[in-house]
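Per this note's numbering, residue 11 is the first one in the sequence shown, and the count goes up by one each step.
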Amino acid sequence: MTPHRPKTAAERRERVFAILKWLDKAYPDANCALHHRSPWELLVATILSAQCTDKRVNEVTPGLFEKYPTPTDFAAVKPEVLAQDIRSTGFFNNKAKSVVGAAQRIIAEFGGQVPKTMEALLTVPGAARKTANVVLGTAYGIATGVVVDTHVSRLSNRLDLTKQSDPVKIEQDLIKILPQERWILFSHQLIFHGRALCIARKPRCAECGLDSVCYAKDKTS
Ligand code: SF4
11 MTPHRPKTAA
21 ERRERVFAIL
31 KWLDKAYPDA
41 NCALHHRSPW
51 ELLVATILSA
61 QCTDKRVNEV
71 TPGLFEKYPT
81 PTDFAAVKPE
91 VLAQDIRSTG
101 FFNNKAKSVV
111 GAAQRIIAEF
121 GGQVPKTMEA
131 LLTVPGAARK
141 TANVVLGTAY
151 GIATGVVVDT
161 HVSRLSNRLD
171 LTKQSDPVKI
181 EQDLIKILPQ
191 ERWILFSHQL
201 IFHGRALCIA
211 RKPRCAECGL
221 DSVCYAKDKT
231 S
């Protein structure tokens, strides 16, 4: 049976809360999969995670942070040298330039500390809005926005929380319908769900507790 589509604002709100309630039950401890010990390490790991799995990044970062323990060490290395250290994460030349540029800016402008505002973070090389949201949310616990990665983008569309494909527009839609205290956890939970059941090619809807509120076109039976 196709679930009932909410018609009124109250019904839509109720549906969003039903989704949040189930996500809390299914993924109470969802968090960032990138290993890190500081905001700086998370920033580097997030830059490296573009077009790369978190697992691969987690294999690279322990050795990387042993070799370059502080932003000062990263700021002093030549990007072409760093590129070889991060080769296995792909797009290594661009990522190396971003990481070295980020370290230099953070030292020159922010006293060696990763800044705590979206505005300041967006001036750091390699930190676009998604990366800034990851660092602010996970490292500092500051909910400035919602992290929209490929899982959040796909699932937000399947769950009819947005009709947009552009991550910035998806984020704007999510910000409007989610309580601010849920912005950080919601992304982590959708990413967990996107990996566990609501996978890209063939979602495992029979096992999904959101089945009764989901009317995605590509639902499986
Ligand atoms: S019912 Fe299927 S498509 Fe909908 S959220 Fe669950 S797994 Fe994804």
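For glycine and all other residues, C-beta sits at the position ideal for the given N, C-alpha and C. Quick caveat: nothing in here was measured; it's all calculated off a predicted structure.
>> Which complete beta strand (DSSP E) runs does the stretch 120-192 hold, if anything under 3 residues is left out?
In response: none
> What does the shell around ligand 1 hold, if a residue joins when its beta-carbon is under 5 Å from any heavy atom?
Replying inline: 168, 207, 208, 213, 215, 218, 220, 221, 224, 226, 229
>> I believe residue 210 touches residue 164 by the beta-carbon criterion, under 8 Å. Please report the beta-carbon distance rounded to the nearest angstrom.
In response: 6 Å
> Are the stretch 16-34 and the stretch 105-124 touching, with three or more C-beta to C-beta distances below 8 Å?
Replying inline: no
> Is it the case that the Cβ atoms of residue 149 and residue 49 are separated by a distance below 9 Å?
Replying inline: yes
> Do the CB positions of residue 58 and residue 110 come within less than 9 Å of each other?
Replying inline: no
> Looking only at C-alpha atoms, which of 156, 200, 225, 189 sits nearest to residue 32?
Replying inline: 200
> So residue 42 and residue 144 are in contact, right, with Cβ under 8 Å, and what is the actual spacing, rounded?
Replying inline: 7 Å
>> Distance check for residue 192 and residue 146, CA to CA, integer angstroms please.
In response: 14 Å
> Nearest to residue 153 by alpha carbon, out of 159, 135, 172, 196?
Replying inline: 196
>> Here's a check: name, in chain order, each residue in its chain whose Cβ is nearer than 6 Å to the Cβ of residue 85, leaving out the five neighbours to either side.
In response: 113, 114, 117
> Taking the alpha helix (DSSP H) that residue 28 falls in, what are its first and last residues?
Replying inline: 19-36
> Would residue 202 pass as a contact of residue 37 if the rule is Cβ separation under 9 Å?
Replying inline: yes
> For residue 75, which option in 97, 89, 88, 46 has the closest C-alpha, if you only look at C-alpha atoms?
Replying inline: 46
>> For residue 194 and residue 61, I'd like the C-alpha separation in whole angstroms.
In response: 22 Å
> residue 82 lies in the alpha helix (DSSP H); which residues open and close that run?
Replying inline: 81-86
> Among residues of its own chain, excluding the 5 on either side of residue 166, which ones have a beta-carbon nearer than 8 Å to its beta-carbon?
Replying inline: 158, 172, 180, 183, 184, 200
> Distance, Cα to Cα, residue 218 vs residue 151?
Replying inline: 29 Å
>> Just verifying my parser: in three-state terms, what is the DSSP assignment at residue 61?
In response: coil
> Can you tell me the Cα-Cα spacing of residue 30 and residue 224, whole angstroms?
Replying inline: 13 Å
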